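Numbering (UniProt numbering), first residue to last: 1 to 219. Single-structure report; data block below.
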């Protein structure tokens with residue numbers, strides 16, 4: 001019954017950490033519902049339910065909710081769009097028995113209203129096999145508030161605890177890392193500067209058409 005922000009550089013294991021927690025909870029039926037905004041499949045329980053931002057206005061209870069790229073919906077720069085129903089949803093997560101995991105590159109990008117009631121800020125690190133780059137194990141630095149996050153380089157007591165766990169293919173295969181890459185990306189038509197400037201495909205042909213300009217350029 002907590003709000004947690006999981007953050008770190010790309011490839012640090014943010015999504016892996018949350019999926020690992022989710023699969024463990026699903027396996028023990030700790031919650032009635034499991035929501036994610038990207039596809040996650042438990043090897044025995046099946047897929048999670050689809051999370052959409054409008055569900056924050058519904059009476060969602062006894063659930064674990066994982067929101068990847070959380071700044072898309074709850075950006076600190078879009079605070080004026082943060083609706084009353086959304087505020088109530090996050091503020092009453094304990095009463096509703098909901099665990100909410102928000103994934104972002106930096107907690108500062110998440111709306112301040114959410115950050116003020118966040119119980120854990122979790123900074124992820126990925127430790128890889130030397131020279132190969134394969135993930136070997138992960139560590140998670142847990143901070144209890146934003147002040148502790150700000151003091152992480154200056155105070156030895158800023159970190160509340162550290163979690164360490166090995167990489168598991170079962171967890172890695174349970175979710176789609178590239179879900180946010182739109183399938184329509186190949187249909188986008190790009191322009192080439194040669195077309196914009198109406199330059200011939202063959203540079204020699206272009207020079208042949210404009211001999212005077214070619215001579216001037218060569219001197």
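From the three backbone atoms N, C-alpha and C, an ideal C-beta is built for every residue, glycine too. Just so we're clear, the structure is a prediction, and the values are computed from it rather than from any experiment.
For residue 73, the closest of 91, 52 and 61 by C-alpha to C-alpha distance is 52.
With fewer than 16 neighbouring CB atoms inside 10 Å of its own CB, residue 161 falls in the exposed class. Counted as a single uninterrupted DSSP element, the stretch harbouring residue 118 is not any beta strand (DSSP E), since DSSP gives it neither H nor E. Closest in C-alpha terms to residue 31, from the list 154, 97, 4 and 107, comes 97. Secondary structure note for residue 137: its beta strand (DSSP E) is the uninterrupted segment 135-143. Taking a cut-off of 8 Å for Cβ pairs, the region 123-135 and the region 19-30 do not touch, as fewer than three such pairs fall below it.
Judged by beta-carbon spacing, residue 165 lies beyond the 8 Å limit of residue 121, meaning their Cβ atoms are not closer than that value. In this structure, residue 90 sits near residue 117, with a CB-CB distance shorter than 8 Å.
The beta-carbon separation of residue 47 and residue 41, rounded to 5 Å, stays under the 8 Å limit for a contact. Its chain contains 26 as the residues whose beta carbon lies nearer than 6 Å to that of residue 45, once the 5 sequence neighbours on both sides are disregarded; these appear in chain order. Distances from the CA of residue 18 to each of 106, 43, 49 and 65 were compared; the closest alpha carbon is that of 65. Closest in C-alpha terms to residue 2, from the list 56, 99 and 68, comes 99. In the DSSP assignment, residue 63 falls outside any alpha helix (DSSP H) and within the unbroken beta strand (DSSP E) covering 63-67.
Contact between the region 187-197 and the region 169-179 is not established, with fewer than three Cβ pairs separated by less than 8 Å. One thing to note: residue 20 has its Cβ no nearer than 8 Å to the Cβ of residue 149.
DSSP lists 7 as the beta-bridge partner residues of residue 104. Of all alpha-carbon atoms in 108, 71 and 114, the one lying nearest the alpha-carbon of residue 37 is that of 71. If the five residues before and after residue 7 are omitted, its C-beta is found closer than 8 Å to the C-beta atoms of 14, 103, 104, 105, 106, 107, 121, 122, 123 and 124, all from its own chain and listed in chain order. Its Cα nearest to that of residue 145, the residue 159 stands out among 133, 93, 175 and 159. Annotation for residue 109: no beta strand (DSSP E) segment contains it, and DSSP assigns it neither H nor E. If you draw a straight line from the Cα of residue 134 to the Cα of residue 152, it is about 27 Å long.
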